[in-house]
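Have a look at the structure below, then the notes.
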Amino acid sequence: MKSEVVTQNDIEEAMRKIGVRAGDCILVHSSLSSMGFVEGGADTVIDALLGVLGKNGTLVMPTFCQKEKERRFDTWDIERSLSDVGKITEIFRLRPGSIRSNHATHSVAAEGRLACAITEGHVHAWGRPGPWGDAAMGIGSSWQMLYELNAEIILIGVDFHVNSMVHLIEHHITERALSGLEDVRRFGLISRLHGWNKPGVWAGFDRMKLQNILDEMGLLSHGRCGNAPLLMVRAGSMVDTAIELMERAPREWFDDDFCNWLDESQVSEGER
Numbered sequence: 275m276k277s278e279v280v281t282q283n284d285i286e287e288a289m290r291k292i293g294v295r296a297g298d299c300i301l302v303h304s305s306l307s308s309m310g311f312v313e314g315g316a317d318t319v320i321d322a323l324l325g326v327l328g329k330n331g332t333l334v335m336p337t338f339c340q341k342e343k344e345r346r347f348d349t350w351d352i353e354r355s356l357s358d359v360g361k362i363t364e365i366f367r368l369r370p371g372s373i374r375s376n377h378a379t380h381s382v383a384a385e386g387r388l389a390c391a392i393t394e395g396h397v398h399a400w401g402r403p404g405p406w407g408d409a410a411m412g413i414g415s416s417w418q419m420l421y422e423l424n425a426e427i428i429l430i431g432v433d434f435h436v437n438s439m440v441h442l443i444e445h446h447i448t449e450r451a452l453s454g455l456e457d458v459r460r461f462g463l464i465s466r467l468h469g470w471n472k473p474g475v476w477a478g479f480d481r482m483k484l485q486n487i488l489d490e491m492g493l494l495s496h497g498r499c500g501n502a503p504l505l506m507v508r509a510g511s512m513v514d515t516a517i518e519l520m521e522r523a524p525r526e527w528f529d530d531d532f533c534n535w536l537d538e539s540q541v542s543e544g545e546r
């Protein structure tokens, strides 16, 4: 495919066509190379996104550190730990107006009106056990905030394989299964979950299946910027719809081990 030359105006126009408006809050997953040759590189993409959002908007990007996965909580430094989920994300986190959330595995960087509100609580997030600890997608986390804000998730040249909001779905599914259980039973079920450096059952599912179903339901918007396909979905709509679908027919989504765990969580005390 011939490499496109992409300008800031091209990016701004593409974002508006897909539905981004001034004052919006957007979470962007991106591949710089997917667009073609971008004049000015990553900074041009960031400037374009901020230009469309205006002074009342908020731009958010993941800034995960995935190298040395088993040691991330030991090596994490909010200032120095590099983001390795795309060149644009690393450039963005280093910009003067950017604020990074304090979490070793699932940090985000944000700039704009809601940047502080989205990032400041991540370090104190709690209550949702899982593969990355209780805080990654916990109550008060940046990801929970983006869900509550119904932020627009923009995928530039990538698809649901890298849509990190799926992890919030996984955590909500497990949290809802544990809700209302007496402590001994709850702790017993938690002990069987996949935890940090601990194998166990987990609510993993086929991300592309979810993308295709949401698309069929009309919840995805499509666009193009240079050579890159664009997708947009609302975080709240994505999470709520996924939970409804998965709780209605869990065996169509999850493996047998997790489904058996779910079944056990739903057995009443009198039936045990």
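Read in order, the letters of the sequence shown correspond to residues 275 to 546 in our numbering. Every residue gets a Cβ at the ideal spot worked out from N, C-alpha and C, and that includes glycine.
If we ignore side chains and look at the alpha-carbon of each, how far apart do residue i and residue j end up?
| i | j | result |
| --- | --- | --- |
| Ala425 | Gly310 | 27 angstroms |
| Ile292 | Met506 | 7 angstroms |
| Ser305 | Ala383 | 17 angstroms |
| Pro405 | Val294 | 33 angstroms |
| Lys361 | Arg367 | 10 angstroms |
| Thr318 | Leu467 | 42 angstroms |
| Ser539 | Gly474 | 15 angstroms |
| Glu449 | Glu526 | 19 angstroms |
| Asp489 | Leu519 | 14 angstroms |
| Asp348 | Pro336 | 20 angstroms |
| Asn501 | Gly325 | 21 angstroms |
| Gly454 | Lys329 | 43 angstroms |
So, under 8 angstroms CB-CB, residue i and residue j are touching, yes? Tell me the CB distance rounded to an integer number of Å.
| i | j | result |
| --- | --- | --- |
| Leu327 | Gly386 | 6 angstroms |
| Ser308 | Ile430 | 7 angstroms |
| Phe434 | Arg481 | 4 angstroms |
Using 8 angstroms as the threshold, is the C-beta distance between residue i and residue j below it?
| i | j | result |
| --- | --- | --- |
| Trp400 | Ala409 | yes |
| Leu494 | Thr515 | no |
| Ile365 | Cys499 | no |
| Arg402 | Ala378 | no |
| Leu439 | Val513 | At residue 439 the sequence reads Met, which differs from the Leu that was named. Against a cut-off of 8 angstroms, the Cβ pair of Val513 and Met439 comes out as a contact. |
| Trp417 | Leu442 | yes |
| His396 | Ser372 | no |
| Gly331 | Ala288 | no |
| Val548 | Val359 | Past the edges of the chain, shown from 275 to 546, lies residue 548, and the structure says nothing about it. |
| Ala391 | Met419 | yes |
| His380 | Phe338 | yes |
Applying the criterion that 16 or more other CB atoms from any shown protein chain within 10 Å of the CB defines a buried residue, is residue i buried or exposed?
| i | result |
| --- | --- |
| Asn534 | exposed |
| Ala523 | exposed |
| His398 | exposed |
| Val458 | exposed |
| Thr363 | buried |
| Asp530 | exposed |
| His445 | buried |
| Ser357 | buried |
| Asp298 | buried |
| Gly315 | exposed |
| Phe227 | For residue 227 there is no data in the structure shown, the boundaries of the chain being 275 and 546. |
| Gln340 | exposed |
Start-end ranges of the alpha helix (DSSP H) lying completely within the stretch 401-483, minimum 4 residues: With a minimum length of 4 residues, the continuous alpha helix (DSSP H) runs that stay inside the stretch 401-483 are 416-422, 440-452, 457-464.
Would you list, in sequence order, the uninterrupted alpha helix (DSSP H) runs of no fewer than 4 residues that lie entirely inside the stretch 289-328? Whole alpha helix (DSSP H) segments, 4+ residues: 316-327.
Continuous alpha helix (DSSP H) assignments of at least 4 residues falling wholly in the stretch 353-410: Those alpha helix (DSSP H) runs which fall completely within the stretch 353-410 and span 4+ residues are 361-368, 389-393.
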